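**Q** The opening position of the sequence shown corresponds to residue 2 in our numbering, with each subsequent residue numbered one higher. One structure coming up, written as structure tokens, with questions to follow.
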Amino acid sequence: MSECKSRSKSKSHGHVGGTRCARCRVSSNRSVASFQSHQTLRGAPGSYRARPWFPAPLARYLEPALIIAGSLASIAMELFIGPEAHQPLDSDGSIPSNHLHNFEHASISLSLLLYAAFAIHLDRDRRRSSTTTTTTQGAARSLARDALTLLLAAAALAQELLIFHLHSADHMGVEGQYHWLLQCVVAVSLATTLLGIAHPASFAVAFVRSVSLVLQGVWFVAMGVMLWTPSLIPKGCFLNYEEGHHVVRCRDADALGRAKSLVNLQFSWYGADEDDDDMEAQKLAESQSFARMRDGMKPIELER
2 MSECKSRSKS KSHGHVGGTR CARCRVSSNR SVASFQSHQT LRGAPGSYRA RPWFPAPLAR
62 YLEPALIIAG SLASIAMELF IGPEAHQPLD SDGSIPSNHL HNFEHASISL SLLLYAAFAI
122 HLDRDRRRSS TTTTTTQGAA RSLARDALTL LLAAAALAQE LLIFHLHSAD HMGVEGQYHW
182 LLQCVVAVSL ATTLLGIAHP ASFAVAFVRS VSLVLQGVWF VAMGVMLWTP SLIPKGCFLN
242 YEEGHHVVRC RDADALGRAK SLVNLQFSWY GADEDDDDME AQKLAESQSF ARMRDGMKPI
302 ELER
């Protein structure tokens with residue numbers, strides 16, 4: 002990691018800037034994931050409904066506030082702190098080619114910021130209107146607001162997928178394998194978020210969305226560590242300074258194939274770990290739900 006930090010002030014640092022963006026955004030991605038991973042089975046069977054985000058007990062808007070803070074930090078890092086001149090534009094006001102990726106990463110962070118801001122606004126509007134509407138009307142409007150919030154989240158994920166797929170940086174070799182797998186995870190997050198609009202009561206949809214969003218954050222951190230820590234680069238590969246930034250290159254096709262296979266193995270291990278963690282959380286939630294139902298039953302019901 003010290004190698005990554007030592008290059009953060011280079012004039013054109015390629016995807017090292019993306020690593021900084023990923024580290025700033027990982028808290029946002031994992032915060033967005035928490036609104037899925039904290040779901041529990043509430044009340045009677047069939048009453049489950051996934052929330053678009055998780056309201057914290059003491060600070061209701063902690064999650065969207067963290068998303069906003071992380072997004073602002075990422076935008077500042079990409080456009081003002083990272084560039085050597087502390088601004089990303091040329092002397093004539095145009096965007097230089099070596100700073101295109103900064104604007105791309107900042108655009109992803111901006112979409113997350115807008116999602117979080119509108120999520121807070123929609124929730125506040127729901128709470129204000131709940132005092133002036135009937136129970137049926139309030140439930141219908143709450144469903145509509147949740148659907149709109151998920152649609153905004155889907156728009157942010159679509160922006161992320163589009164930018165990473167059409168990235169200005171030429172992601173080849175080992176780095177390209179990391180980014181290809183990342184796009185697969187983002188695509189799953191996008192698909193399950195859209196499915197959540199039509200199926201808000203589906204635990205399976207919310208569960209898969211939870212896993213994919215958490216895996217995004219974990220994979221961003223893995224990319225930042227594995228791609229720019231020289232001691233962790235696969236055997237037969239090395240860091241090469243090209244066009245103002247460092248790129249992982251391999252000496253021959255065999256070394257490249259081995260490195261890509263290691264990336265695939267790493268990705269599969271992360272995915273398996275996330276599945277195990279979420280399954281344990283699901284079992285705990287179900288056992289707690291059963292305990293609450295048992296405590297609420299009369300003694301005569303238990304005897305039956």
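Where a beta carbon is used, it is the ideal one built from N, C-alpha and C, also for glycine. These figures come from a predicted structure and were not determined experimentally.
By DSSP, does Val215 sit in helix, in strand, or in coil?
**A** helix
**Q** Thinking C-beta only, is Leu183 closer than 9 Å to Phe165?
**A** Yes, the pair counts as a contact, with Cβ atoms nearer than the cut-off.
**Q** Could you check where the beta strand (DSSP E) with Asn241 kicks off and where it finishes?
**A** 238 to 243
**Q** Taking the C-alpha atoms as reference points, what is the distance between Phe221 and Leu113?
**A** Rounded to the nearest angstrom, the two C-alpha atoms are 16 Å apart.
**Q** Pairing CB atoms from the segment 87 to 104 with CB atoms from the segment 145 to 153, are three or more of them under 8 Å?
**A** no
**Q** Roughly how far, in whole angstroms, is the beta-carbon of Ser72 from the beta-carbon of Ser110, given that I think they are within contact range, below 8 Å?
**A** 4 Å
**Q** Buried or exposed: which applies to Gly242, given that a residue is buried once 16 or more other Cβ atoms fall within 10 Å of its Cβ?
**A** The question names Gly, but residue 242 is Tyr in the sequence shown. Label assigned to Tyr242: exposed.
**Q** How is Arg52 classed by DSSP in three states: helix, strand or coil?
**A** coil
**Q** Buried or exposed for Thr194, please, with buried defined as at least 16 other CB atoms from any protein chain shown within 10 angstroms of its CB.
**A** buried
**Q** Under the assumption that Val189 contacts Ser213 (Cβ atoms under 8 Å), give the Cβ distance between them as a whole number of angstroms.
**A** 4 Å
**Q** Sorted by chain position, which residues of the same chain lie with C-beta nearer than 8 Å to Asp126's C-beta, five sequence neighbours on each side aside?
**A** Arg146
**Q** Check for me: the beta strand (DSSP E) holding Arg250 runs from which residue to which?
**A** Unbroken beta strand (DSSP E) run through Arg250: 246 to 251.
**Q** What is the DSSP secondary structure of Leu167, counted as helix, strand or coil?
**A** coil
**Q** Within the same chain, show all residues whose beta-carbon is closer than 6 Å to that of Thr150, passing over the 5 residues directly before and after it, in chain order.
**A** Pro53, Ala120, Leu123
**Q** When the Cβ atoms of the segment 254 to 267 are set against those of the segment 228 to 235, are three or more pairs found closer than 8 Å?
**A** yes
**Q** Look at Leu1 and Tyr271 and say whether their C-beta atoms are less than 9 Å apart.
**A** This structure does not reach residue 1, given that the chain is present from 2 up to 305, and the question cannot be answered.
**Q** Using a C-beta cutoff of 9 Å, does Leu67 count as contacting chain C?
**A** Looking at the structure shown, chain C is missing, and only one protein chain is on hand.
**Q** CB-CB under 7 Å to Arg50, same chain, minus the five flanking residues each way: which ones, in chain order?
**A** Pro201, Ala202
**Q** Near Gly174, what residues of its chain come up, given a Cβ to Cβ distance below 7 Å and the 5 sequence neighbours on each side ignored?
**A** Val249, Arg250, Cys251, Leu257, listed in sequence order.
**Q** Whose C-beta lies closer than 6 Å to the C-beta of Ala107 among residues of the same chain, with five residues either side of it excluded?
**A** Apart from the 5 residues on each side of it in sequence, Ala107 sits with its Cβ closer than 6 Å to the Cβ of Ile76, Glu79, Leu80 in its chain, given in chain order.
**Q** Mind checking Asn99: buried by the 16 CB within 10 Å criterion, or exposed?
**A** buried
**Q** Check this for me: beta carbons of Gly218 and Ala207, under 9 Å apart or not?
**A** Taking 9 Å as the Cβ cut-off, Gly218 and Ala207 do not qualify as a contacting pair.
**Q** Could you spell out where the alpha helix (DSSP H) holding Glu122 opens and where it closes?
**A** Checking the sequence, you will find His at residue 122 rather than Glu. Unbroken alpha helix (DSSP H) run through His122: 101 to 130.
**Q** When the Cα of Val226 is compared with those of Gln267, Leu59, Tyr116, Glu85, which residue comes out closest?
**A** Gln267
**Q** What do you get for Ile68, buried or exposed, if any count of 16 or more other CB atoms within 10 angstroms of its CB means buried?
**A** buried
**Q** Could you spell out the range, first to last residue, of the alpha helix (DSSP H) harbouring Leu80?
**A** Per DSSP, Leu80 lies in no alpha helix (DSSP H) and is assigned neither H nor E.
**Q** Compute the beta-carbon to beta-carbon distance between Leu191 and Ala159, rounded to the nearest angstrom, for a pair I have assumed lies under 8 Å.
**A** 6 Å
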